[in-house]
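K.L.:
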Amino acid sequence: MRPISVQVRGLLGREEIERYNDLWEIGKFLEGEGRFDLARKIQREIDLLAEPAVEKLMRYENRTGQTPVVAAPVIIDNRKKDQSK
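According to the UniProt record's numbering, the sequence shown is numbered sequentially starting from 1.
1) Helix, strand or coil for M58 per DSSP?
2) Could you name the residues of the same chain whose beta carbon sits closer than 7 Å to that of A53, not counting the 5 residues immediately before and after it, in chain order?
3) Looking at the unbroken alpha helix (DSSP H) that takes in K28, where does it start and where does it end?
4) Report the CB separation of E55 from L23 in whole angstroms; it is logged as a contact under 8 Å.
5) Can you tell me whether DSSP reads I42 as helix, strand or coil?
6) Under the rule that 16 or more other beta-carbon atoms within 10 Å means buried, what is I42, buried or exposed?
7) L48 to R14, Cα distance in whole Å?
Here it is as structure tokens:
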């Protein structure tokens, strides 16, 4: 099974995300059972579900006249500080 990207998932609605998660679980189960023929059909359903979001993302990324925006990664350090020093 091929997962869809986080960017594409972010453009899906709540019902679409739930459907994607359900299809993903079914597809992984079918692969585990060796039913790759059925898993392929599930993958096709996932591709159809994600297609509008992929097209929207492609339109957004291919805008002309806009400066590209690159987000810097944010690192959050949740480790406890050593108080004995």
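The beta carbon of each residue, even a glycine, is placed where N, CA and C say it ideally should be.
P.N.:
Reading it off the structure:
1) The answer is helix: DSSP assigns M58 an H, G or I state.
2) Within the same chain, A53 has close Cβ partners V8, L11, L12.
3) First-last of the alpha helix (DSSP H) with K28: 14 to 32.
4) The C-beta distance from E55 to L23 rounds to 19 Å, too long to fall under 8 Å, and the pair is not in contact.
5) If DSSP states are grouped into helix, strand and coil, I42 belongs with the helices.
6) I42 comes out buried.
7) Take the alpha-carbon of L48 and the one of R14: they are about 16 Å apart.
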